[in-house]
Structures are given as C-alpha cells and as structure tokens.
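Written out below as structure tokens is the structure these notes cover.
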Amino acid sequence: MNAATLDVTLPDGSVRTLPAGSTGLDLAQSIGSRLAKAAIAAMVNGQEVDISVPLSNGAQVAIITADSDAGRHVLRHSTAHVLAQAVLQHFPGAKFTIGPAIEDGFYYDFELPDNKTFSDNDLEAITERMRAIVKADQPFVRAEMSAAEALELFADQPYKCEIIERVTTGAADGSDASEVSGDGSVSVYRNTESFVDLCRGPHVPSTARLGHFALMKVAGAYWRGNEKGPMLQRIYGTAWESKSALDEHITRLAEAEKRDHRRLATEMDLLSFPSELGGGLAVWHPKGAIVRKIMEDYSRYRHQHGGYQFVFSPHIANAQLFETSGHLHFYKDGMYPPMEMDNGTYYPKPMNCPMHCLIFRDRQRSYRELPLRLFELGTVYRYERAGTLHGLLRIRGFTQDDSHIFCTEDQMADEITSLLDFVLSVLRQFGFNDFEFKLSTRDLEKSVGSDEIWDKATTALREALNRHGVEYSVKEGDAAFYGPKIDIDVRDAIGRKWQLSTIQCDFNLPERFGLEYIGSDNSRHRPIMLHRALFGSVERFFGVLLEHYGGAFPAWLSPVQVRVLAVTSQHEEYAQSLVKRLRAEGFRVDTAEADEQLGKRIRSAKLERVPFVLVVGDDDVKNNTVGVNPRGGEVIRDVQVDAFIAQLHEETRTETAIGNL
RNA sequence: GCCGGGUUAGCUCAGGGGCAGAGCAACCGCCUUGUAAGCGGUAGGUCGUGGGUUCAAUUCCCACACCCGGCUCCA
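Residues in the first sequence are numbered consecutively from 42, following the numbering used here.
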C-alpha cells in the first residue's frame, strides 16, 4: 500500500485496496452496486460505525445490510430517532429520554408537557409526521463533543442531561447503551437544525432509508425502570427493511393472536375466569379439565417411575409455619391476607416447600433414605399485583408440580444431572424440543449460606449442564437469596420463548427448619434441598401448550379424540355402536346427530380441532368400515374399523400407558 | 401497584342523552344429507356494579370490580 491507498480485510479474508479516505460506502460500492444500495452501516474492527466513516488502513470491515439482524437493529434505532423528532414536533415542550431498538422494533420514552398522554389519534398524527421526515431525506450527521458541550446542547432536556452526567461520573450502565458508549465520550446525531439526539450510533445515512415502520402501541413506563421514579409515556413501533418484511411481521402477530390461549380457552370451552371469582382465578370446564387431568396423570405416572414419593398438604397453614420458613418475612406481599381463627392466624400457602420440610422433619432421617424425593401437585395462592395478571400465565391460584429433593452435598451433582434428564424427557413428550438453559448465580447483596456451599452448588449445576453438553447462559447475581438455580426456557411452535421448568438449590429452608439426617459417620448433617418444578404451574403449562399447538392438541391430549358422524339418520345406529366400541377401547369419542348437513358437522368438528372425524354411511354399515377424516390430513374411505382402532392406539401409544395406572 | 384503553345477547363486535343492533351460536320446523357454512322461523339484554348530573343515562361525570396493552414485580 502507499499513502494514496489503504487496505481492508473483508469477512471472507480477502483484502481490498481502496483510495485513502474511502468510507464503508465506498467499499460497498467497489464490491457491487447492489451491496452499496443495501448497505446501511459498517462493522469495522468489531465496532459498528456509520457507513460514511473513513476506513483506516488494515481494518477488518464487514458491510452491514438492512436485511441482517445488525442492519435491522440500526434501522430500528434510526426510526426511533424519527419518532422522537415527530413527537417533539407534535408536542412542543416534550422531554425525550431513551429510545432503543428492541426485538422486532423499537420504543421511545417521553415526558409530555402538562402530564399529557398519547392517544390513538396522536399515533396517527405522529405517524404522518414521521412519514414526512422520511420523505424529507434528512441526513443523520454525527458529531462528537465533550460532556460539557453536550450538557449545553441539551440544556432544556433534563433526561438527556442526566444520561450525560452518568457518563461523566462513570455511572452509565446497560440501560444507557443505546445512547452513549461506555468509554466516556459523547456523540450526537443531528437530523435538522432543530432536531438533534444524544446517541452512540451508528445510524442509517439518511431518513430516506427508513419507512417500513408502524407505530404499534402506547404504554406507560417508569424512568430507568424505577417504580418510584417518574412515569413516562412510551410508544412502541416496529420497523423492517422492506414492505414485505413489515407485512410478514404483522401477519405473524395476527397468527400469534389467533393462538392466544385466552381466546382459545373461550372458543374451545376449556375454562373461564368469571369476574365474580376475582382476578386471576379460573374455573375449569369439562373439556379443559380432561386435558388437565391427562397432563396430571402423565406427570404422576412419570414421577412414580422416577423415584418420587407422593405427598399431600393442606391449602392453609398457621402463621407459625411461615414464620419458620421465612415467607412472612421475605414474601408477605405476595401472600393472601391472613384469616384470624380462634387458635391463631392462618394463611393460604404461597408455596409447598414448608409443608414438605415438615414431612422430612417428622422423624429422624438416615442418609440411607437420601435422596428423598417428595412430589405433590400442590395448589398455592399468591397475591399477584393486579396489573401483572395475564390469563393462565400469571394467575393467583395455581397448582405446582412441585417436588423437593433432600440430599447430601455429595449427591447434589448426580441428582441435578438426573433431574435435568427427567425434566427434558417429560417436556419432549409434550412436544417441546428446543430448550434454552439459564444458570443464575449468587447475588452477594442478598443471600444466605456460606461461600463454600454456594460454590459447591453452583459447580454442581454447571457440571450437570456440562454433562448434558448443552449451551447455557449465566445470569450473574440472578439467583434467589437461598441458592443458585437452572431455569429452562422452551421455544414453541412459532418460536416464542417460555420459561417453564426450574431447578433450584436451597440452603435456607433446611437451616430454618433445622433439617437433619444421620450420616454414615453416625453424626448429624444438614441436607441440601432442591426445588424442582417441571410444568412450573399446571395452569401456566396448559396455557403454553394451548398456544404451542394453537388449540390442536395431539391426539393423546385432545379433549375429544374422535367424532363419529352418520351421513343420515339411517346410519345413527351404526354410529352409536362405533361410539360404544371406541369408548370401550378407552378413547374419548362423541357424535353429532344428523340433523345438520354433513358438511356443516364436519366444519364444526374441524373448528373444534377434533383429531379424527369418522363419517359413516351406507357402504360403511354394510362393510363394517369408516371414512376417516384426520385433522390436517386427507380423507380415507372404507377403512376397516379394526384397522382404525389399531391406528388410533398407535397414535396415542406411549401415552395410553398412563391409562393403566 | 403505576400509565393508557376497555366491559353492549353464549361468542365476535357495531351503536349512541329519548323503542337496544348485526353475524355466528342456541332453540323450533322443513331438508335425509358421503367429507369445512342448506332454508325458514323463534327466543335471547338491568348495555360490568354502585353513586351522581339530567325532565330523561346504556350513552356524560365519579368510585369500584374485572379484562386488555405496557411498566414494575415474579422470592
């Protein structure tokens, strides 16, 4: 190279020589005009920068295009700036705060003058202003400056000043990441004479590169997520690289909406939340209850075969118990209020663990009994704050598939390993195959137990994950005060993540309850307690399943597995005999009388997502056959009844084993 | 708990200071049907609850309950 040129290395390892002073855009141009058109930013030596930044000699450079994750991130962040400019136009005197890109979109938080809030009409007007800004082809012009200069620039924007001050005092953290980089420098991006925003960048070169966006919803949000801080007004939006990508996203949202478990629960007559019952409390209708029962039966079956012992415990307990467990100290806000009785104060239980500790403690325990695995489908009540309730996913009365395992320190690692096996095998049965693991470690601010035990437990959890050879993320300081844990997220059929199972170590309750066992050394030792929920809550898991399958439960779970339809009333008798026969085989079968046309009855069955519709007419009566119309499959005529029954047994085979309990 | 929005027939939703509306579902009748909506009729409502304003409130105002979208929370 010489002074007039520079060399850069591309992601494929090739080196390109460009005139000195060339920018990312020049590079893209030199590679191809299509790339140049798609380029919106550059990755230079691992740092995202504007496409207009001159490249340095020897740099590693990748062009960021709009249709990549990084590219969409940039254009979403840029769209957030456009939103801010539009809002400041629409509400003169508004204060703007932060506006990051998020999954599928962006948001921006504002404090509006006179405590105003956004209305739907405002969203339309703001969208119009945004379109005008996009059309105006405003450049994003970066400038770097000292904190003092920035403070002057944003003198009438207190939230921006607060962020700048946090940079200068080194207090900036992840929540500031979209606005400023962590290195103490301050940069701004100016679109027009009057609109400039604090930002680390990078941004698209001009607002004309944006435009495939939609403002989605308004919401309140606390400044810095602090409940005691001011309530800001947030606008959420989504933005994409093309019209078609935006449309696809909107379609995906509509699809997700159709799977909403609350909608399906009503449509399918599974359960309801009568308001007279109170918030967050559900009643299960027969069709929902049968699915739930099958889930629970399966869970019991697996636990029975997994070395667990079943226990039961009451729904309320004397306050003394929760004094001992510490719940009244640590968890009182989450508990239903007490009932004053003539012999003391009673609380509905928010957890089952104290009860299980009492069972352990009831008599002297030997190391030979460990690990002792207690299991209960235990119904608990938690006073969730009103605004947090959400269908079955956040509810006030629910049933945990709760087990508590008492073991020695030395057994911990093996026990956790086999627990992971157990959990994953059950989740797979329910149709989940995509898992993510999170290890939460000690929060030094609030935790009980010695360094030694925390290390040992955390190592045991880590080891179990390693033995499974699975990837996991570590959430530092995210553990409960009583011990580290593994949380398992599953991905559902349309890619959404749900946190279900959890495996938690507990050093606190054994201490509080004074749990002990006699070791092989004939002296007393304190057991480790493991909390393990697999479904998490039966209700929540049911809700997730419902969304996962979009209501089309696999045959073994379906409330109605087979519907028999007579073509005309002359075939009713045959239909009834089939119903009887299939019921005798253990299947859930019903029929719809021929007082509506066949097409209509089939349609109803399909809408109810019945896995198999059997249509029977003259030919079938004569030949002892059925016409099989499977959900999502092709109709097959003239199937021998015995053959269909065999097929149905096969279809539900692994699961019917639980019928033998 | 906080910020918005909402609650009208079983469901989905329209309406709006003066007799309460549609589609689907339900019920009744006709049709006797071979693989996703046959035809006709009937019934269905304290417009979430309580208070207020008004000659008059389902409609406007206030409170409460419940729901929805977020925030916070989920030991």
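We put the CB at the ideal spot given by N, CA and C, even for glycine.
This structure is a prediction, so every number in the text was calculated from the model and none was measured.
Counting only residues of its own chain and dropping the five nearest sequence neighbours on each side, tyrosine 200 has a CB closer than 6 Å to the CB of Lys136, Thr138. When DSSP assignments are scanned along the stretch 492–566, the uninterrupted stretches of beta strand (DSSP E) that are 3 or more residues long and fall wholly within it turn out to be 513–516, 526–532, 538–547.
Inclusion of threonine 64 and valine 102 in the CB contact set at 8 Å is not warranted, their separation being larger than that value.
Residue pairing by DSSP places glutamine 602 opposite no residue, since no beta bridge is assigned to it. Valine 85 and leucine 550 have their C-alpha atoms some 52 Å from each other.
According to the DSSP assignment, alanine 44 belongs to no beta strand (DSSP E), since it is labelled neither H nor E. As a beta-bridge residue in DSSP terms, leucine 418 pairs with Asp442. Residue environment: leucine 318 is assigned as exposed (fewer than 16 neighbouring CB atoms within 10 Å of its CB, all protein chains considered). Leaving aside the five residues that flank aspartate 178 on each side, the residues in its chain whose CB is nearer than 7 Å to its CB run, in chain order, Ser247, Thr248, Ala249.
DSSP places alanine 103 in the uninterrupted beta strand (DSSP E) bounded by 100–106.
In terms of CA proximity to lysine 647, Ala593 leads the group Ala69, Glu691, Ala593.
In this structure, tyrosine 387 and proline 379 form a Cβ contact; the two beta carbons are roughly 6 Å apart against a cut-off of 8 Å. Three or more beta-carbon pairs separated by less than 8 Å link the stretch 439–459 to the stretch 399–414, which places the two stretches in contact. Membership of proline 389 in the beta strand (DSSP E) is indicated by the continuous run 385–389.
In this structure, phenylalanine 181 places its C-beta atom within 8 Å of the C-beta atom of serine 119. Under DSSP, isoleucine 569 forms a beta bridge with Cys448.
Just measuring C-alpha positions, the residue of Gly385, Asn384, Lys390, Asp383 sitting nearest tyrosine 372 is Lys390. Residue environment for phenylalanine 353: exposed (fewer than 16 other C-beta atoms within 10 angstroms of its C-beta). If you draw a straight line from the Cα of glycine 555 to the Cα of glutamate 220, it comes to about 51 Å. Beta-bridge partners assigned by DSSP to arginine 231: Val182, Val237. Taking a cut-off of 8 Å on C-beta distances, the stretch 124–133 touches the stretch 169–178, as three or more cross pairs fall below it.
Cβ atoms of arginine 629 and isoleucine 331 come within 8 Å of each other, at about 7 Å. Phenylalanine 653 has Val603, Pro671 as its beta-bridge partners, per DSSP.
In the DSSP assignment, leucine 413 forms a beta bridge with Phe447. About 3 Å separates the Cβ atoms of glycine 329 and leucine 311, confirming a contact at the 8 Å cut-off. Boundaries of the alpha helix (DSSP H) around glutamate 206: 199–209.
Per DSSP, reduced to three states, the secondary structure at alanine 427 is helical. For the pair glycine 146 and glycine 278, the CB atoms are nearer than the 8 Å cut-off.
Between glycine 591 and arginine 303, the C-beta spacing is not below 8 Å. Within the DSSP bridge table, the entry for proline 60 names Thr46 as partners. In terms of CA proximity to serine 340, Ser466 leads the group Met257, Ser466, Ala607. Excluding its 5 nearest sequence neighbours in each direction, arginine 117 has C-beta neighbours in its own chain below 7 Å: Ala142, Gly146, Phe147, Ala280, listed in chain order. Per DSSP, phenylalanine 147 is not a residue of any alpha helix (DSSP H); the beta strand (DSSP E) it occupies stretches across 146–152. Here the alpha carbons of isoleucine 559 and tyrosine 342 stand approximately 31 Å from one another. Each residue's CA atom was taken as its position, placing valine 620 and leucine 606 some 10 Å apart. Straight across, the Cα-Cα distance linking valine 245 with glutamate 282 is about 12 Å.
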